[in-house]
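See below for the structure under consideration.
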Amino acid sequence: MEIATVVLPPEERDVDAEQTSIKPIIRQATVEDLEQAEGYRTLAQEAFTLCRQRIAEMHMPMKLIEAEYTLDGRKAIFYFTAEGRVDFRQLVRSLASSLQTRIEMRQIGVRDEAKKLGGYGTCGRPLCCSTFLTEFAPISVRMAKEQGLALNPSRISGVCGRLKCCLAYEIPVYKAIRDTLPRVGERYDTEEGPGRVTEVTVMGEAFEVELDETGERIFIRLPDADERTYYCDGSKCGGCGTGGCGATA
Numbered sequence: 001m002e003i004a005t006v007v008l009p010p011e012e013r014d015v016d017a018e019q020t021s022i023k024p025i026i027r028q029a030t031v032e033d034l035e036q037a038e039g040y041r042t043l044a045q046e047a048f049t050l051c052r053q054r055i056a057e058m059h060m061p062m063k064l065i066e067a068e069y070t071l072d073g074r075k076a077i078f079y080f081t082a083e084g085r086v087d088f089r090q091l092v093r094s095l096a097s098s099l100q101t102r103i104e105m106r107q108i109g110v111r112d113e114a115k116k117l118g119g120y121g122t123c124g125r126p127l128c129c130s131t132f133l134t135e136f137a138p139i140s141v142r143m144a145k146e147q148g149l150a151l152n153p154s155r156i157s158g159v160c161g162r163l164k165c166c167l168a169y170e171i172p173v174y175k176a177i178r179d180t181l182p183r184v185g186e187r188y189d190t191e192e193g194p195g196r197v198t199e200v201t202v203m204g205e206a207f208e209v210e211l212d213e214t215g216e217r218i219f220i221r222l223p224d225a226d227e228r229t230y231y232c233d234g235s236k237c238g239g240c241g242t243g244g245c246g247a248t249a
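Residue 1 is where the sequence shown starts when you use full-length UniProt numbering, and the numbers rise one by one after that.
What follows is the structure, encoded as structure tokens:
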């Protein structure tokens with residue numbers, strides 16, 4: 001049993017339609033639970049220091065990230081990162097002997113490391129992974145291209161060194177708008193004559209056409225673009241409700 005913190009307000013959801021498993025909630029934490037958890041947090045800090053010392057003594061190729069105890073104190077869990085597989089059997093035996101409890105070692109990736117350590121993104125907000133994201137969705141460079149972002153690694157990478165999770169948030173909105181716009185290279189008839197689409201501005205809901213007869217380029221914006229509202233279904237951002245994607249939830 002573990003203590004968790006509420007990060008989003010309660011809401012009604014269709015349990016049968018949920019793609020991810022919903023963990024059961026036993027009860028609201030009592031004062032005794034919180035006091036017990038605080039005591040084990042202190043023990044976890046001591047266990048973390050001990051484990052890091054043993055890792056250094058054994059020259060093990062791993063980086064310790066966090067240590068925690070379960071609420072009943074029957075198990076200590078250590079989270080670490082490593083380049084490959086690590087044989088930590090000797091380390092587990094040593095820790096079990098010193099701490100007199102069950103030991104579990106969990107190897108995590110760099111995105112999980114950022115989730116556990118927390119921090120702030122380039123947007124100035126707390127990391128999505130450490131606040132409301134419950135799972136990591138696949139992120140690709142194509143998502144950045146779809147949004148017309150410069151493919152500068154320092155701009156599209158998060159603190160974990162991987163592509164930012166938020167690159168996926170606006171993709172549904174971009175796709176909805178792009179479906180209403182012509183593609184670059186397509187023929188398009190304007191009031192001033194036919195031409196070819198040379199540029200598309202998705203978020204501006206506009207495009208540029210080069211006229212066949214004069215070579216002049218004219219800018220065309222879709223009618224009622226300012227009045228349209230695009231809705232976020234929460235499928236990419238976990239329904240964070242922050243409005244950061246620019247869409248209405």
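Where a beta carbon is used, it is the ideal one built from N, C-alpha and C, also for glycine.
The structure presented is a predicted model; accordingly, all values stated were derived computationally and were not measured.
(message) Our contact map puts Arg106 next to Ile77 with C-beta atoms below 8 Å; I'd like the distance itself, whole angstroms only.
(response) The residue labelled residue 106 in the question sits at position 106 within the sequence shown. The residue labelled residue 77 in the question sits at position 77 within the sequence shown. Confirmed, about 6 Å.
(message) Tell me the DSSP secondary structure of Val86 in three-state form.
(response) The residue given as residue 86 occupies position 86 in the sequence shown. Val86 falls in the coil class under three-state DSSP.
(message) For a quick check, are the C-beta atoms of Ile171 and Glu205 less than 8 Å apart?
(response) Taking the first residue of the sequence shown as position 1, residue 171 is located at position 171. Taking the first residue of the sequence shown as position 1, residue 205 is located at position 205. Going by C-beta atoms, Ile171 is not nearer than 8 Å to Glu205.
(request) Would you mind reading off the limits of the alpha helix (DSSP H) that contains Val173? (result) As a working mapping, residue 173 is identified with position 173 in the sequence shown. Segment Ile171 to Arg178, the alpha helix (DSSP H) holding Val173.
(request) Identify, in the order they occur along the chain, each residue of the same chain with its Cβ nearer than 7 Å to the Cβ of Glu146, setting aside the five sequence neighbours on each side. (result) Taking the first residue of the sequence shown as 1, we reach residue 146 at position 146. The answer, listed in chain order, is Ile171 and Tyr174.
(message) If distances are taken between C-alpha atoms only, which option among Leu222, Thr134, Gly195 and Phe207 comes closest to Glu213?
(response) In the sequence shown, residue 213 corresponds to position 213, counting from 1. That would be Gly195, whose Cα lies nearest to the Cα of Glu213.
(message) Determine whether the beta carbon atoms of Gly148 and Val202 lie at a separation below 8 Å.
(response) Position 148 of the sequence shown, counting from 1, holds the residue named residue 148. Position 202 of the sequence shown, counting from 1, holds the residue named residue 202. Result yes, Cβ atoms of Gly148 and Val202 sit closer than 8 Å.
(request) Give me the Cβ distance between Val159 and Gly121, rounded to the nearest whole Å; I'm assuming they're in contact under 8 Å. (result) On the sequence shown, position 159 is the one that residue 159 refers to. On the sequence shown, position 121 is the one that residue 121 refers to. Indeed they touch by this definition, with Cβ atoms about 7 Å apart.
(message) So, at 6 Å on beta carbons, what are the nonlocal neighbours of Gly246 in its own chain, with the 5 sequence-adjacent residues on each side left out?
(response) Your numbering for residue 246 matches position 246 in the sequence shown. With a pLDDT of only 48 at Gly246, under 50, the local geometry of the prediction cannot be trusted, and no value is derived from it.
(message) Along the chain, where does the alpha helix (DSSP H) containing Gln53 start, and where does it finish?
(response) Here residue 53 refers to the residue found at position 53 when the sequence shown is read from its first residue. Counting along the chain, the alpha helix (DSSP H) containing Gln53 begins and ends at Val31 to Glu57.
(request) Give me the Cβ distance between Arg111 and Phe136, rounded to the nearest whole Å; I'm assuming they're in contact under 8 Å. (result) Here residue 111 is taken as the residue at index 111 of the sequence shown, counted from 1. Here residue 136 is taken as the residue at index 136 of the sequence shown, counted from 1. Indeed they touch by this definition, with Cβ atoms about 5 Å apart.
(message) Could you give the first and the last residue of the continuous alpha helix (DSSP H) run that contains residue 254?
(response) With the chain represented from 1 up to 249, any question about residue 254 goes unanswered, as that position is not in the structure.
(request) Throw me the rounded Cβ distance for the Lys75 and Arg102 pair, which I believe falls under 8 Å. (result) Indexing the sequence shown from 1 puts residue 75 at position 75. Indexing the sequence shown from 1 puts residue 102 at position 102. About 4 Å; that satisfies the 8 Å criterion.
(request) Could you name each continuous beta strand (DSSP E) segment of 3 residues or more that falls completely within the segment 61-109, going from the start of the chain to the end? (result) 63-69, 75-81 and 102-107
(message) Checking 8 Å against the spacing of the C-beta atoms, do Pro182 and Phe219 come in under that value?
(response) Here residue 182 is taken as the residue at index 182 of the sequence shown, counted from 1. Here residue 219 is taken as the residue at index 219 of the sequence shown, counted from 1. Result no, Cβ atoms of Pro182 and Phe219 do not sit closer than 8 Å.
(request) May I ask which residues mark the beginning and end of the alpha helix (DSSP H) holding Arg27? (result) Counting from one through the sequence shown, the residue named residue 27 turns up at place 27. Here Arg27 belongs to no alpha helix (DSSP H), and DSSP marks it neither H nor E.
(message) Bridge partners for Asp14 per DSSP, in chain order?
(response) The count along the sequence shown starts at 1 and reaches residue 14 at position 14. None; Asp14 has no bridge partner.
(message) Let me check understanding here. Comparing Cα to Cα, which of Lys116, Pro223, Pro9 and Ile108 lies closest to Arg85?
(response) Residue 85 sits at position 85 when you count from the first residue of the sequence shown. Among Lys116, Pro223, Pro9 and Ile108, the Cα nearest to that of Arg85 belongs to Ile108.
(request) Evaluate residue 271 with the Cβ neighbour count: other Cβ atoms within 10 Å of its Cβ, from every protein chain shown; 16 or more gives buried, anything less gives exposed. (result) The structure shown does not extend to residue 271, since the chain is modelled only from 1 through 249, so no value can be given for it.
(message) Suppose contacts are defined by Cβ-Cβ distances below 8 Å. Is Lys50 in contact with Ser98 by that definition?
(response) On the sequence shown, position 50 is the one that residue 50 refers to. On the sequence shown, position 98 is the one that residue 98 refers to. The residue asked about is misnamed: residue 50 is Leu in this sequence, not Lys. For Leu50 and Ser98, yes; Cβs fall inside 8 Å.
(request) Report the option in Leu34, Glu38 and Val6 whose CA atom is closest to the CA atom of Ile25. (result) Counting from 1 along the sequence shown, the entry for residue 25 is found at position 25. Nearest of Leu34, Glu38 and Val6 to Ile25, Cα basis: Val6.
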